[in-house]
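Participant:
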Amino acid sequence: MAVCLTDEQQAIVAHDHGPALVFAVAGAGKTTALVHRVERLVRQRVFDPRRILLTSFSRMAVADLKRALSAWPHCDAVRTSTLHALGLWVVRRAAKEGLVVLKDEPLGEGQERALLAKTLRRARELRVDYADELETLDLEDFLSYVGACKGNLHYADLEAAALPPSARQVARQAQAPAGLEWYLDLYRLYEQVRQEEGALTYDDLLLVGWELLVRHEGLAQAMAKGFQAVLVDEFQDVNLAQSEILDLLTPERNYMVVGDDDQTIYEWRGASPRFILEFERRYGAKKYLIRDSFRCSAAQVALAGRLIAHNRQREPKRLSLTRGFEGQVFVHNPQSIPDQAREIVGEIAEALRRGMRLGDIAILVRLYAQTPYIEQALIEAQIPYRVVGSPPFYRRPEIETLLAYLELGRLELTPNPDPGRLAQAWGLAYNRPTRYLSRTLAEAIRKRATAQRLPLSRALRQAALEVEPRLSERLEELAGLLEWLGQVQEQRAAGVLAALDARLEYSRYLRAHSGFPEVGEGKAASVKAFLDYARDKGSVRELREHLEYLADLQLGHEEEAEAITLMTVFRAKGLEWPLVFLPDCTEGTFPYGGNPNTEEERRLFYVALTRSKGHTHLYVPLSGTPSRFLREAEAQPTLQTVERLGEALFKPAKALSSLETLTLARDLGALGLERYLYRWWPAPPEQARAVAQKVLRLFAAAEREGWLEALGLSPAQREVWEALGPLETPPDPQEFRDLAQFLPRATVVASLENVRPGQKVRHPQFGLGTVVRLEDGVAMVAFGDGLRRLALRYARLEVLGG
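Numbering (UniProt numbering), first residue to last: 1 to 802.
(1) Let me know the secondary structure DSSP gives residue 749 once reduced to three states.
(2) Just reading off the alpha helix (DSSP H) that residue 780 is part of, what are its end residues?
(3) Can you give me the C-alpha to C-alpha distance between residue 31 and residue 289, rounded to a whole angstrom?
(4) Report the residue from 479, 436, 336 whose alpha carbon sits nearest the alpha carbon of residue 456.
(5) Would you check if the distance between the CB atom of residue 322 and the CB atom of residue 294 is smaller than 8 angstroms?
(6) With a threshold of 16 other CB atoms inside 10 Å of the CB of residue 9, please say whether the residue is buried or exposed.
(7) Under DSSP, the alpha helix (DSSP H) around residue 187 begins and ends at which residues?
(8) Considering residue 691, what are the terminal residues of the alpha helix (DSSP H) in which it resides?
(9) Going by DSSP in three states, residue 763 sits in which element: helix, strand or coil?
(10) As a quick exercise: from 383, 542, 251, 63, pick the residue whose alpha carbon is nearest that of residue 224.
(11) Using three-state DSSP, classify residue 775 as helix, strand or coil.
(12) Report the CB separation of residue 285 from residue 21 in whole angstroms; it is logged as a contact under 8 angstroms.
(13) Based on DSSP bridge pairs, tell me the residues matched to residue 580.
(14) Let me check understanding here. Comparing Cα to Cα, which of 36, 444, 356, 566 lies closest to residue 341?
(15) Under a Cβ-count criterion, where at least 16 other Cβ atoms within 10 Å of its own Cβ denotes burial, should residue 432 be classed as buried or exposed?
(16) Given this structure, state the Cα-to-Cα distance separating residue 756 from residue 711, to the nearest angstrom.
(17) Is the distance from the Cβ of residue 717 to the Cβ of residue 665 below 8 angstroms?
(18) Is residue 527 near residue 510, with beta carbons less than 8 angstroms apart?
(19) At which residue ranges does the stretch 331-386 contain complete alpha helix (DSSP H) runs of 4 or more residues, listed in the order of the chain?
(20) Beta-carbon separation of residue 91 and residue 240 under 8 angstroms?
(21) Between the Cα of residue 404 and those of 380, 471, 466, 481, spot the shortest distance and give me the residue it belongs to.
(22) Here's a check: name, in chain order, each residue in its chain whose Cβ is nearer than 6 angstroms to the Cβ of residue 430, leaving out the five neighbours to either side.
(23) What number of angstroms, rounded off, separates the C-alpha of residue 748 from the C-alpha of residue 797?
(24) Count the other CB atoms, across all protein chains shown, that sit within 10 Å of the CB of residue 750; report buried if there are 16 or more and exposed otherwise.
(25) At a cut-off of 7 angstroms, would you count residue 153 as near the ligand MG, judging by its Cβ distance to the nearest heavy atom?
(26) Residue 460 and residue 471 look like a contact to me (Cβ under 8 angstroms); what is the Cβ gap, rounded to whole Å?
(27) Go to residue 233, then tell me how far its alpha helix (DSSP H) extends in each direction, as first and last residue.
(28) Quick one: what does DSSP say residue 255 is sitting in, helix, strand or coil?
(29) Tell me residue 316's beta-bridge partners as DSSP assigns them.
(30) Quick one: what does DSSP say residue 417 is sitting in, helix, strand or coil?
(31) For residue 233 and residue 17, what's the separation of their Cα atoms in angstroms?
(32) Do you know how far the Cα of residue 334 is from the Cα of residue 343?
(33) In chain order, what residues of the same chain have a beta carbon less than 7 angstroms from the beta carbon of residue 483, not counting five sequence neighbours either side?
(34) Rounding to the nearest angstrom, what Cα-Cα distance links residue 74 and residue 730 in this structure?
(35) Could you name the residues of the same chain whose beta carbon sits closer than 8 angstroms to that of residue 135, not counting the 5 residues immediately before and after it, in chain order?
(36) DSSP three-state call for residue 154: helix, strand or coil?
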């Protein structure tokens with residue numbers, strides 16, 4: 001495999017023994033560096049290939065590693081596995097030694113749901129206090145809660161686990177989500193049933209694997225002997241259980257981890273940037289950086305770099321440019337959300353006309369709630385698309401429930417309604433939000449309505465006469481709701497849906513019935529988006545017909561066929577496309593208002609900005625407030641600067657204007673693009689030297705006039721260009737005669753309100769200075785020759801940039 005490695009990659013490949021930490025930016029070729037290191041370790045017989053472990057969080061990452069390593073037959077014996085599979089090795093080894101009973105292979109997803117169903121039956125048999133809550137339990141939400149607990153080593157009953165003292169320092173007692181205290185009780189019962197069955201779930205591979213290692217020192221030692229060297233990719237994604245398993249299996253500390261703390265976006269499921277940020281101190285690791293991005297062009301590199309620098313909890317580093325200036329970032333300002341969808345689809349249609357493939361295009365969203373108008377526009381333009389990780393918007397559970405209510409309203413007015421449609425809609429609606437109606441009662445009501453050909457509302461009222469008062473009241477209320485829905489079928493859908501949401505307190509219910517606040521907020525946001533979507537869809541009847549029309553159009557697209565990718569940024573990490581669209585770059589979406597962790601939100605936007613290896617389109621609808629992240633990245637000035645840099649770098653030195661030369665002198669380093677100058681700039685050597693000389697002459701001219709600081713020029717920026725050779729001849733006095741026009745605009749200080757500490761000022765006698773502090777109408781200003789005390793009333797100071 002003939003691959004030209006960068007100096008930073010070569011340093012990683014050359015690492016032999018001991019702990020190592022590699023920070024690799026987005027698109028840095030970390031897989032290449034990792035597999036080349038493994039190949040060298042095997043080829044030079046540093047370690048036995050059978051005792052080298054190459055592992056990562058996800059199956060996709062491990063598959064990439066294995067595929068890259070397959071180029072070298074002498075590496076065939078190297079072990080590659082996910083961290084969950086590593087946990088399974090531990091469990092199987094323990095079972096072989098009689099330390100644990102492993103009846104069957106770990107449960108698959110369907111089997112795990114069957115185990116939960118058995119737990120729910122047990123709960124009902126025991127008549128637990130929370131039995132009524134189980135009727136509306138979101139199975140996926142609860143299993144996600146259990147998975148997050150186990151990944152964080154949060155036990156359903158920590159005391160009963162009777163862990164060794166050292167393990168008690170790491171494990172914790174699980175806590176119930178706010179407002180769902182019974183989740184913890186159900187978690188305990190779930191664990192009891194699982195242990196009776198002798199079953200292991202996917203998440204148990206981590207918790208049980210770790211527990212076996214801490215309980216049985218001999219097992220931990222035996223397992224660790226099997227690994228002379230351990231290399232971990234995507235380390236920013238590991239959770240506590242994975243981190244601790246790796247710690248126990250690497251006592252010799254030939255342990256290298258690779259990741260990017262700036263891409264830690266799975267904190268909700270247990271990942272934390274602290275695992276990678278604390279690794280160097282915890283293990284005394286040698287630290288490496290891979291900064292070259294082989295994916296993104298200058299616009300994405302500059303924008304993402306400026307954005308992520310605002311995070312405090314991070315390793316300071318900058319993306320370095322390799323691919324040049326061809327890919328661009330475009331910022332669009334549509335009037336509204338519907339206009340945004342039409343513009344996105346218009347851009348996509350134009351790209352397809354130019355020959356781009358459907359699979360080369362992605363639309364990335366923060367929430368699935370953003371997709372309705374986009375999906376409609378794609379469907380109507382007959383552009384195949386695939387929503388990854390979610391059904392189309394009109395088939396999402398929270399929306400299907402609302403549509404089920406509308407359908408029940410329609411059936412109120414329909415003689416002899418279709419029994420199948422009635423059963424389907426009733427099954428979705430009768431207990432959402434929770435009314436504590438048993439399935440038996442709900443089924444009896446439906447059968448009465450069908451058998452006696454009654455409107456469902458009348459069947460409900462009849463049943464209300466036969467049950468206890470509190471339940472009777474709920475049935476009467478539901479009957480009244482269905483009667484109302486029957487009467488409003490020709491009214492505006494948006495108004496009816498808004499009133500239905502309010503009467504049901506549906507959005508509040510969605511927020512409260514999730515183990516993860518962001519999931520509940522996301523579902524409520526999906527409802528709000530659907531209500532907004534319905535505004536221009538006419539009556540309830542017309543909305544229903546519209547959705548049926550969209551579904552019919554969508555039926556023509558085969559699931560396996562090539563399509564536009566529509567997915568959340570969470571799912572996009574690690575992926576790349578030539579063309580990426582990012583809608584709704586506005587407050588409330590980026591950052592999402594439902595997540596108080598702004599640093600994680602900033603990391604998420606950073607991931608979105610670094611997915612394109614071509615063009616990126618950002619949309620900021622005028623109906624919203626532009627995202628603070630665009631302001632932090634100084635999006636428009638940054639993109640304009642990048643455009644000027646791209647033009648200037650490829651011009652002959654003689655053709656460079658003073659402004660273009662100043663841009664090269666000041667902004668290349670400011671945007672962190674200096675490494676491109678040395679390693680990747682494709683200019684011929686003669687042109688590169690000539691441009692560098694012109695830039696250095698500008699520095700000399702600015703220094704001669706005393707303008708370096710005023711123009712924003714620094715010694716570090718000069719050094720960037722001096723690395724290409726020292727200044728050979730001083731500037732001609734006429735070469736940059738127009739340089740003065742680029743000095744910051746100055747304002748004479750009239751009062752104390754016009755000046756503040758830290759501000760750059762100019763004095764007619766002492767030159768440029770910086771305000772240190774203010775006191776009683778006097779400014780203490782630091783000039784080149786020292787600190788001076790100046791009365792603002794008489795000093796004739798000018799504020800630069802004022």
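Glycine included, every Cβ here is placed at the ideal spot set by N, Cα and C.
Since we're looking at a predicted model, the values are computed, not measured.
Facilitator: The structure says:
(1) Residue placement at residue 749 is poorly supported in this model, since its pLDDT is 48, which falls under 50; the coordinates still yield a value, given next. Looking at residue 749 - three-state DSSP - the assignment turns out to be coil, as it is neither helix nor strand.
(2) Not the alpha helix (DSSP H): residue 780 falls in the beta strand (DSSP E), residues 778-783.
(3) 14 angstroms
(4) 479
(5) Taking 8 angstroms as the Cβ cut-off, residue 322 and residue 294 qualify as a contacting pair.
(6) buried
(7) First-last of the alpha helix (DSSP H) with residue 187: 182-197.
(8) 685-705
(9) strand
(10) 251
(11) strand
(12) 4 angstroms
(13) 362, 616
(14) Distance check between residue 341 and each of 36, 444, 356, 566 places 566 closest, using alpha-carbon atoms only.
(15) The C-beta of residue 432 has 16 or more other C-beta atoms within 10 Å across all chains shown, which makes the residue buried.
(16) 20 angstroms
(17) The answer is yes: Cβ separation under 8 angstroms.
(18) yes
(19) Here the runs fully enclosed are 337-353, 372-380.
(20) Taking 8 angstroms as the Cβ cut-off, residue 91 and residue 240 do not qualify as a contacting pair.
(21) 481
(22) 437, 442
(23) Here the model assigns residue 748 a pLDDT of 49, short of 50, so the residue's position is not dependable, and the following value carries that caveat. Looking at the backbone, the Cα of residue 748 and that of residue 797 are separated by about 6 angstroms.
(24) In this predicted model, residue 750 has a pLDDT of only 46, less than 50, meaning its place in the structure is not dependable enough to derive any value.
(25) In terms of ligand content, the structure shown is empty, and the ligand MG therefore cannot be addressed.
(26) With 8 angstroms as the limit, residue 460 and residue 471 do not qualify as a contact, their Cβ atoms being about 11 angstroms apart.
(27) No alpha helix (DSSP H) contains residue 233, which is instead part of the beta strand (DSSP E) from 229-233.
(28) Residue state, collapsed to three classes: strand.
(29) Per DSSP, none; premise fails for residue 316.
(30) Shown here, residue 417 sits in coil according to DSSP, grouped into three states, outside any helix or strand.
(31) Rounded to the nearest angstrom, the two C-alpha atoms are 17 angstroms apart.
(32) 8 angstroms
(33) 412, 457
(34) Each residue's Cα considered, the two are about 58 angstroms apart.
(35) 431, 434, 436, 437, 438, 439
(36) The answer is strand: DSSP assigns residue 154 an E or B state.
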